[in-house]
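Engineer: Please find one structure pasted underneath; my questions will follow.
Numbering (our numbering), first residue to last: 941 to 1259.
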(Lines of atoms letter the chains of each structure in order from A and count residues from 1; the text may use other names and numbers.)
(Lines give C-alpha, C1' and ligand atoms only; values in the text may rest on other atoms or scores of the structure.)
Protein backbone atom coordinates (compact mmCIF):
# COMPACT_ATOMS: atom_id res chain seq x y z
CA UNK A 1 0.00 0.00 0.00
CA UNK A 2 1.44 3.40 -1.01
CA UNK A 3 1.76 6.42 1.23
CA UNK A 4 -0.93 8.15 -0.80
CA UNK A 5 -3.39 5.36 -0.01
CA UNK A 6 -2.83 5.95 3.70
CA UNK A 7 -3.69 9.65 3.51
CA UNK A 8 -6.80 10.93 5.16
CA UNK A 9 -9.05 13.28 3.23
CA UNK A 10 -7.77 16.24 5.25
CA UNK A 11 -4.15 15.29 4.57
CA UNK A 12 -4.85 14.88 0.88
CA UNK A 13 -6.58 18.23 0.66
CA UNK A 14 -3.67 19.91 2.46
CA UNK A 15 -1.10 18.23 0.19
CA UNK A 16 -2.99 19.18 -2.95
CA UNK A 17 -3.29 22.76 -1.72
CA UNK A 18 0.47 22.96 -1.09
CA UNK A 19 1.21 21.49 -4.51
CA UNK A 20 -1.20 23.88 -6.19
CA UNK A 21 0.42 26.85 -4.42
CA UNK A 22 3.88 25.67 -5.49
CA UNK A 23 2.72 25.38 -9.10
CA UNK A 24 1.02 28.78 -9.05
CA UNK A 25 3.83 30.28 -6.91
CA UNK A 26 1.21 31.75 -4.59
CA UNK A 27 1.66 31.53 -0.85
CA UNK A 28 -1.06 31.79 1.79
CA UNK A 29 -1.08 33.14 5.33
CA UNK A 30 -3.39 33.68 8.26
CA UNK A 31 -2.99 36.12 11.14
CA UNK A 32 -4.81 35.33 14.36
CA UNK A 33 -5.27 38.79 15.80
CA UNK A 34 -6.07 37.70 19.36
CA UNK A 35 -3.03 35.44 19.77
CA UNK A 36 -0.78 37.33 17.40
CA UNK A 37 0.23 34.06 15.73
CA UNK A 38 0.87 33.88 12.03
CA UNK A 39 0.52 30.83 9.80
CA UNK A 40 2.52 30.63 6.56
CA UNK A 41 2.19 27.99 3.85
CA UNK A 42 5.33 26.35 2.48
CA UNK A 43 5.16 28.49 -0.65
CA UNK A 44 4.95 31.61 1.51
CA UNK A 45 8.19 30.59 3.24
CA UNK A 46 9.81 30.13 -0.19
CA UNK A 47 8.69 33.57 -1.37
CA UNK A 48 10.18 35.20 1.72
CA UNK A 49 13.38 33.15 1.36
CA UNK A 50 13.28 31.53 4.82
CA UNK A 51 13.25 27.94 6.07
CA UNK A 52 10.19 26.89 8.05
CA UNK A 53 12.40 25.08 10.54
CA UNK A 54 14.45 28.20 11.24
CA UNK A 55 11.72 30.86 11.26
CA UNK A 56 8.79 31.40 13.61
CA UNK A 57 6.12 33.47 11.88
CA UNK A 58 4.52 36.05 14.14
CA UNK A 59 3.08 39.40 13.27
CA UNK A 60 6.30 41.00 14.56
CA UNK A 61 8.67 38.70 12.63
CA UNK A 62 6.48 38.99 9.54
CA UNK A 63 6.52 42.79 9.62
CA UNK A 64 10.29 42.68 10.17
CA UNK A 65 10.60 41.20 6.66
CA UNK A 66 8.92 44.24 5.09
CA UNK A 67 11.18 46.86 3.51
CA UNK A 68 11.60 49.77 5.90
CA UNK A 69 10.21 52.25 3.36
CA UNK A 70 6.99 50.21 3.01
CA UNK A 71 6.50 49.17 6.64
CA UNK A 72 4.35 52.11 7.72
CA UNK A 73 2.02 51.59 4.76
CA UNK A 74 1.55 47.89 5.61
CA UNK A 75 0.88 48.63 9.28
CA UNK A 76 -1.67 51.28 8.32
CA UNK A 77 -3.39 48.89 5.88
CA UNK A 78 -3.69 46.13 8.49
CA UNK A 79 -5.05 48.61 11.04
CA UNK A 80 -7.64 49.91 8.59
CA UNK A 81 -8.69 46.36 7.66
CA UNK A 82 -9.43 45.61 11.30
CA UNK A 83 -11.35 48.85 11.74
CA UNK A 84 -13.37 49.00 8.49
CA UNK A 85 -13.67 45.21 8.03
CA UNK A 86 -12.90 45.30 4.30
CA UNK A 87 -10.41 43.35 2.12
CA UNK A 88 -7.16 44.95 0.98
CA UNK A 89 -4.56 44.52 -1.73
CA UNK A 90 -1.09 46.04 -1.89
CA UNK A 91 2.32 45.57 -3.48
CA UNK A 92 5.31 46.01 -1.19
CA UNK A 93 8.98 45.19 -1.06
CA UNK A 94 10.35 42.55 1.29
CA UNK A 95 13.93 41.98 2.33
CA UNK A 96 15.06 38.35 2.43
CA UNK A 97 17.64 37.21 5.01
CA UNK A 98 20.20 37.20 2.18
CA UNK A 99 19.58 40.93 1.70
CA UNK A 100 17.79 40.40 -1.64
CA UNK A 101 14.86 42.73 -2.28
CA UNK A 102 11.71 41.16 -3.76
CA UNK A 103 8.34 42.65 -4.68
CA UNK A 104 5.29 40.87 -3.24
CA UNK A 105 1.62 41.40 -4.00
CA UNK A 106 -0.54 40.55 -1.00
CA UNK A 107 -4.32 40.25 -0.75
CA UNK A 108 -6.05 39.99 2.61
CA UNK A 109 -9.62 39.28 3.69
CA UNK A 110 -10.85 39.82 7.27
CA UNK A 111 -12.50 36.95 9.13
CA UNK A 112 -15.36 38.39 11.17
CA UNK A 113 -17.07 36.79 14.17
CA UNK A 114 -19.93 38.60 15.93
CA UNK A 115 -19.01 41.82 14.16
CA UNK A 116 -15.37 41.68 15.21
CA UNK A 117 -12.36 40.97 12.99
CA UNK A 118 -10.68 38.00 14.66
CA UNK A 119 -8.27 37.07 11.87
CA UNK A 120 -7.06 38.06 8.44
CA UNK A 121 -6.49 35.46 5.74
CA UNK A 122 -4.46 36.29 2.69
CA UNK A 123 -2.23 35.32 -0.18
CA UNK A 124 1.22 36.41 -1.33
CA UNK A 125 2.52 36.44 -4.89
CA UNK A 126 6.08 37.25 -5.93
CA UNK A 127 5.71 39.95 -8.60
CA UNK A 128 9.35 41.03 -8.75
CA UNK A 129 9.70 40.30 -12.47
CA UNK A 130 6.57 42.32 -13.25
CA UNK A 131 7.62 45.28 -11.09
CA UNK A 132 11.14 45.34 -12.54
CA UNK A 133 9.69 45.24 -16.06
CA UNK A 134 7.34 48.12 -15.22
CA UNK A 135 10.20 50.06 -13.63
CA UNK A 136 12.30 49.50 -16.73
CA UNK A 137 9.39 50.63 -18.90
CA UNK A 138 8.90 53.76 -16.80
CA UNK A 139 12.61 54.54 -17.05
CA UNK A 140 12.51 54.02 -20.82
CA UNK A 141 9.47 56.28 -21.16
CA UNK A 142 11.22 58.93 -19.07
CA UNK A 143 14.32 58.75 -21.27
CA UNK A 144 12.12 58.88 -24.38
CA UNK A 145 10.29 61.96 -23.06
CA UNK A 146 13.59 63.71 -22.32
CA UNK A 147 14.97 62.79 -25.76
CA UNK A 148 11.81 64.05 -27.47
CA UNK A 149 11.93 67.28 -25.51
CA UNK A 150 15.56 67.87 -26.45
CA UNK A 151 14.89 67.00 -30.09
CA UNK A 152 11.71 69.15 -30.22
CA UNK A 153 9.91 66.01 -31.36
CA UNK A 154 6.49 64.59 -30.56
CA UNK A 155 4.74 61.38 -31.62
CA UNK A 156 1.24 60.66 -32.82
CA UNK A 157 -1.10 57.85 -33.88
CA UNK A 158 -3.86 58.12 -36.46
CA UNK A 159 -6.87 55.80 -36.83
CA UNK A 160 -7.75 55.64 -40.52
CA UNK A 161 -11.41 54.65 -40.17
CA UNK A 162 -12.36 57.15 -37.46
CA UNK A 163 -9.78 59.78 -38.51
CA UNK A 164 -9.01 60.21 -34.81
CA UNK A 165 -5.56 61.65 -34.10
CA UNK A 166 -3.85 60.89 -30.77
CA UNK A 167 -0.88 63.11 -29.88
CA UNK A 168 1.82 63.00 -27.21
CA UNK A 169 2.27 65.89 -24.80
CA UNK A 170 5.51 66.89 -26.50
CA UNK A 171 3.75 67.17 -29.87
CA UNK A 172 1.42 69.79 -28.37
CA UNK A 173 4.52 71.69 -27.26
CA UNK A 174 5.92 71.55 -30.80
CA UNK A 175 2.78 72.97 -32.37
CA UNK A 176 2.12 75.44 -29.56
CA UNK A 177 -1.32 74.08 -28.66
CA UNK A 178 -2.67 73.59 -25.14
CA UNK A 179 -3.23 69.82 -24.61
CA UNK A 180 -6.53 70.67 -22.92
CA UNK A 181 -7.84 71.95 -26.25
CA UNK A 182 -6.57 68.88 -28.12
CA UNK A 183 -6.50 68.03 -31.81
CA UNK A 184 -8.90 65.10 -32.02
CA UNK A 185 -8.68 64.64 -35.79
CA UNK A 186 -6.34 65.13 -38.74
CA UNK A 187 -8.79 67.68 -40.09
CA UNK A 188 -8.21 69.79 -36.96
CA UNK A 189 -4.47 69.46 -37.47
CA UNK A 190 -4.82 70.64 -41.07
CA UNK A 191 -6.28 73.91 -39.79
CA UNK A 192 -2.91 74.62 -38.18
CA UNK A 193 -1.00 73.94 -41.40
CA UNK A 194 0.00 76.94 -43.50
CA UNK A 195 -2.60 77.36 -46.29
CA UNK A 196 0.13 76.99 -48.93
CA UNK A 197 1.23 73.64 -47.42
CA UNK A 198 -2.11 71.94 -46.77
CA UNK A 199 -1.96 70.13 -50.09
CA UNK A 200 1.42 68.71 -49.03
CA UNK A 201 -0.05 67.47 -45.72
CA UNK A 202 -3.04 65.84 -47.44
CA UNK A 203 -0.83 64.20 -50.08
CA UNK A 204 1.42 62.93 -47.29
CA UNK A 205 -1.48 61.22 -45.55
CA UNK A 206 -2.79 59.67 -48.77
CA UNK A 207 0.71 58.51 -49.73
CA UNK A 208 1.21 56.55 -46.51
CA UNK A 209 -2.15 54.84 -46.90
CA UNK A 210 -2.12 54.05 -50.62
CA UNK A 211 1.57 53.32 -51.18
CA UNK A 212 1.87 51.43 -47.85
CA UNK A 213 5.32 52.90 -47.23
CA UNK A 214 6.82 55.25 -44.71
CA UNK A 215 6.57 58.87 -45.81
CA UNK A 216 7.96 62.20 -44.66
CA UNK A 217 7.26 65.79 -45.56
CA UNK A 218 8.32 69.27 -44.54
CA UNK A 219 5.65 71.89 -44.05
CA UNK A 220 4.81 75.01 -42.10
CA UNK A 221 2.30 75.33 -39.30
CA UNK A 222 0.81 78.46 -37.79
CA UNK A 223 0.50 78.26 -34.00
CA UNK A 224 -2.52 79.78 -32.22
CA UNK A 225 -0.22 82.69 -31.30
CA UNK A 226 0.45 83.35 -34.99
CA UNK A 227 4.02 82.03 -34.91
CA UNK A 228 5.16 80.27 -38.10
CA UNK A 229 7.11 77.04 -37.55
CA UNK A 230 8.64 74.54 -39.91
CA UNK A 231 8.10 70.87 -39.04
CA UNK A 232 9.03 67.49 -40.44
CA UNK A 233 6.16 65.00 -40.29
CA UNK A 234 6.92 61.30 -40.65
CA UNK A 235 4.67 58.25 -40.56
CA UNK A 236 4.66 54.50 -41.04
CA UNK A 237 1.53 52.45 -41.89
CA UNK A 238 0.08 49.70 -39.67
CA UNK A 239 -2.00 47.06 -41.45
CA UNK A 240 -4.48 44.43 -40.31
CA UNK A 241 -4.45 40.74 -41.27
CA UNK A 242 -5.98 41.53 -44.68
CA UNK A 243 -3.26 44.03 -45.55
CA UNK A 244 -5.44 47.13 -45.21
CA UNK A 245 -3.93 50.14 -43.46
CA UNK A 246 -5.81 50.68 -40.22
CA UNK A 247 -3.45 53.02 -38.41
CA UNK A 248 -0.47 55.29 -38.90
CA UNK A 249 2.22 55.94 -36.32
CA UNK A 250 4.47 58.91 -36.73
CA UNK A 251 6.47 61.80 -35.39
CA UNK A 252 6.44 65.56 -35.77
CA UNK A 253 9.67 67.52 -35.26
CA UNK A 254 10.25 71.25 -35.07
CA UNK A 255 12.93 72.13 -37.65
CA UNK A 256 12.35 75.89 -37.61
CA UNK A 257 15.91 76.75 -36.56
CA UNK A 258 17.38 74.49 -39.22
CA UNK A 259 15.20 76.01 -41.93
CA UNK A 260 16.11 79.53 -40.81
CA UNK A 261 19.79 78.60 -40.86
CA UNK A 262 19.39 77.16 -44.37
CA UNK A 263 17.59 80.28 -45.52
CA UNK A 264 20.31 82.44 -43.98
CA UNK A 265 23.01 80.43 -45.74
CA UNK A 266 21.21 80.82 -49.06
CA UNK A 267 20.82 84.54 -48.45
CA UNK A 268 24.52 84.91 -47.59
CA UNK A 269 25.50 82.96 -50.69
CA UNK A 270 23.46 85.24 -52.95
CA UNK A 271 23.82 88.63 -51.27
CA UNK A 272 26.62 90.98 -50.35
CA UNK A 273 27.48 90.67 -46.65
CA UNK A 274 28.10 94.41 -46.24
CA UNK A 275 25.20 95.99 -48.13
CA UNK A 276 22.70 93.13 -48.31
CA UNK A 277 22.40 93.74 -52.06
CA UNK A 278 22.28 90.85 -54.55
CA UNK A 279 25.79 89.67 -55.43
CA UNK A 280 27.35 88.40 -58.67
CA UNK A 281 26.11 84.81 -58.11
CA UNK A 282 22.50 85.94 -57.89
CA UNK A 283 23.02 88.28 -60.87
CA UNK A 284 24.35 85.42 -63.00
CA UNK A 285 21.45 83.20 -61.96
CA UNK A 286 18.84 85.82 -62.86
CA UNK A 287 20.66 86.61 -66.13
CA UNK A 288 20.64 82.94 -67.14
CA UNK A 289 16.91 82.75 -66.48
CA UNK A 290 16.31 85.94 -68.48
CA UNK A 291 18.37 84.71 -71.42
CA UNK A 292 16.51 81.39 -71.36
CA UNK A 293 13.27 83.23 -72.03
CA UNK A 294 13.03 84.00 -75.73
CA UNK A 295 9.78 85.96 -75.66
CA UNK A 296 11.39 89.26 -74.54
CA UNK A 297 14.64 90.98 -75.47
CA UNK A 298 17.25 91.30 -72.70
CA UNK A 299 19.62 94.20 -72.04
CA UNK A 300 22.48 94.29 -69.51
CA UNK A 301 23.70 97.55 -68.02
CA UNK A 302 26.98 97.86 -66.16
CA UNK A 303 27.49 100.67 -63.65
CA UNK A 304 31.02 101.20 -62.41
CA UNK A 305 31.72 103.17 -59.23
CA UNK A 306 35.11 104.86 -59.49
CA UNK A 307 37.26 104.94 -56.38
CA UNK A 308 35.14 102.48 -54.37
CA UNK A 309 38.12 100.34 -53.43
CA UNK A 310 40.17 103.31 -52.31
CA UNK A 311 37.28 104.62 -50.19
CA UNK A 312 36.76 101.19 -48.64
CA UNK A 313 40.47 100.68 -47.93
CA UNK A 314 40.94 104.15 -46.42
CA UNK A 315 37.65 104.91 -44.68
CA UNK A 316 36.29 101.39 -44.03
CA UNK A 317 32.92 99.68 -44.41
CA UNK A 318 30.94 102.19 -42.39
CA UNK A 319 31.78 104.98 -44.87
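Using N, Cα and C, we set each Cβ at its ideal position, and we do this for glycine too. What you are looking at is a predicted structure, and each value in this text was computed from that prediction instead of being measured.
Is the separation between the beta-carbon of residue 1141 and that of residue 1157 shorter than 9 Å?
Structural biologist: Yes; because the gap between Cβ atoms is below 9 Å, this pair is in contact.
Engineer: Short of 6 Å in beta carbon distance, which residues of its chain neighbour residue 1022, apart from the five on each side in sequence? Order them along the chain.
Structural biologist: These residues qualify, in order along the chain: 1057.
Engineer: At the level of alpha carbons, what is the spacing between residue 1078 and residue 1085?
Structural biologist: The alpha-carbon atoms of residue 1078 and residue 1085 are separated by roughly 10 Å.
Engineer: What's the gap between the Cα of residue 1165 and the Cα of residue 1249?
Structural biologist: Their Cα atoms are separated by approximately 48 Å.
Engineer: Can you pull the DSSP bridge partners for residue 1066?
Structural biologist: Partner(s): 1044.
Engineer: Mind listing, in chain order, the continuous beta strand (DSSP E) runs of no fewer than 3 residues lying wholly within the region 1159-1235?
Structural biologist: Entirely contained in the region 1159-1235, the beta strand (DSSP E) runs reaching 3 residues are, in chain order, 1168-1179, 1185-1194.
Engineer: Under a three-way DSSP split, which group does residue 1036 fall into?
Structural biologist: Coil at residue 1036, not helix or strand.
Engineer: What are the start and end residues of the beta strand (DSSP E) that includes residue 998?
Structural biologist: Per DSSP, residue 998 belongs to no beta strand (DSSP E) and is neither H nor E.
Engineer: Do the region 1173-1187 and the region 1096-1113 meet, that is, are 3 or more Cβ pairs less than 8 Å apart?
Structural biologist: Output reads yes: the region 1096-1113 touches the region 1173-1187.
Engineer: Check each candidate in 1209, 1148, 1196, 989 and name the one with the smallest Cα separation from residue 1064.
Structural biologist: The candidate whose alpha carbon is nearest that of residue 1064 is 989.
Engineer: May I have the straight-line CA-CA distance separating residue 1074 from residue 1061, to the nearest angstrom?
Structural biologist: Going by the C-alpha atoms only, they are around 28 Å apart.
Engineer: Should residue 1223 be labelled buried (16 or more other beta-carbon atoms within 10 Å of its own) or exposed?
Structural biologist: The residue in question, residue 1223, is exposed, as its Cβ has fewer than 16 Cβ neighbours within 10 Å.
Engineer: Do residue 1117 and residue 1159 have their beta-carbon atoms positioned less than 9 Å apart in this structure?
Structural biologist: For residue 1159 and residue 1117, no; Cβs fall outside 9 Å.
Engineer: Within 10 angstroms of the Cβ of residue 1072, are there 16 or more other Cβ atoms? Answer buried if so, exposed if not.
Structural biologist: Exposed, by the Cβ-count rule.
Engineer: Assign residue 1041 to one of two classes, buried (16 or more other C-beta atoms within 10 Å of its C-beta) or exposed (fewer than that).
Structural biologist: Counting Cβ neighbours within 10 Å, residue 1041 comes out exposed, since fewer than 16 surround it.
Engineer: Leaving out the 5 sequence neighbours to the left and right, which residues in its chain are closer than 7 Å to residue 1038 when beta-carbon positions are compared?
Structural biologist: Same-chain partners within the cutoff: 989.
Engineer: Quick one: what does DSSP say residue 1087 is sitting in, helix, strand or coil?
Structural biologist: Correct three-state label for residue 1087: helix.
Engineer: Measure from the alpha carbon of residue 970 to the alpha carbon of each residue in 994, 1047, 1020, then state which is nearest.
Structural biologist: Of the candidates 994, 1047, 1020, the one whose C-alpha sits nearest the C-alpha of residue 970 is 1047.
Engineer: Under a Cβ-count criterion, where at least 16 other Cβ atoms within 10 Å of its own Cβ denotes burial, should residue 1227 be classed as buried or exposed?
Structural biologist: So residue 1227 counts as exposed.
Engineer: Express the C-alpha separation of residue 1004 and residue 973 in angstroms, rounding to a whole number.
Structural biologist: Roughly 17 Å separates the two Cα atoms.
Engineer: Who pairs with residue 1050 in a beta bridge, going by DSSP?
Structural biologist: Answer is 1060.
Engineer: Can you find the residues in the same chain that come closer than 7 Å, C-beta to C-beta, to residue 1172, ignoring five residues on each side of it along the sequence?
Structural biologist: Correct list, in chain order: 1156, 1158, 1193, 1195.
Engineer: Candidates 1028, 1254, 1044, 1024: which alpha carbon is nearest residue 1002's?
Structural biologist: Residue 1002 has its Cα closest to that of 1044, out of 1028, 1254, 1044, 1024.
Engineer: With residue 1093 as the anchor, note down where its beta strand (DSSP E) starts and where it stops.
Structural biologist: Note, residue 1093: beta strand (DSSP E), 1093-1099.
Engineer: For chain C, is any of its Cβ atoms less than 9 Å away from the one on residue 1114?
Structural biologist: In the displayed structure, chain C is absent; only one protein chain is listed.
Engineer: Could you tell me if residue 1050 is buried or exposed, where buried requires 16 or more neighbouring beta carbons within 10 angstroms of its beta carbon?
Structural biologist: Answer is buried; the Cβ neighbour count reaches 16.
Engineer: Quick one: measure Cβ to Cβ for residue 1105 and residue 1123, integer angstroms, because I've assumed they're closer than 8 Å.
Structural biologist: Residue 1105 to residue 1123, Cβ: 6 Å. Contact.
Engineer: Give the straight-line distance between the Cα atoms of residue 1135 and residue 1205, rounded to the nearest whole angstrom.
Structural biologist: Their backbone Cα atoms lie some 26 Å apart in a straight line.
Engineer: What residues match up with residue 1125 in a beta bridge as DSSP calls it?
Structural biologist: Answer by DSSP bridge pairing, in chain order: 1104.
Engineer: Quick check: what's the CA-CA separation for residue 1019 versus residue 1109?
Structural biologist: C-alpha separation (whole angstroms): 40 Å.
Engineer: If you count every other CB in all the chains shown that lies within 10 Å of the CB of residue 983, and 16 or more means buried, which is it?
Structural biologist: Buried is the call here.
Engineer: Leaving out five residues before and five after residue 1245 in sequence, what residues of the same chain have Cβ atoms less than 8 Å from its Cβ?
Structural biologist: Counting only Cβ-Cβ distances below 8 Å, and skipping sequence neighbours, we find nothing.
Engineer: What number of angstroms, rounded off, separates the C-alpha of residue 942 from the C-alpha of residue 1024?
Structural biologist: Any reading at residue 942 needs caution, since the residue's pLDDT is 47, under 50, leaving its predicted position unreliable; the model's value is listed next. Those two C-alpha atoms are separated by around 49 Å.
Engineer: Count the other CB atoms within 10 Å of the CB of residue 1094; is the residue buried (16 or more) or exposed (fewer)?
Structural biologist: Residue 1094 comes out buried.
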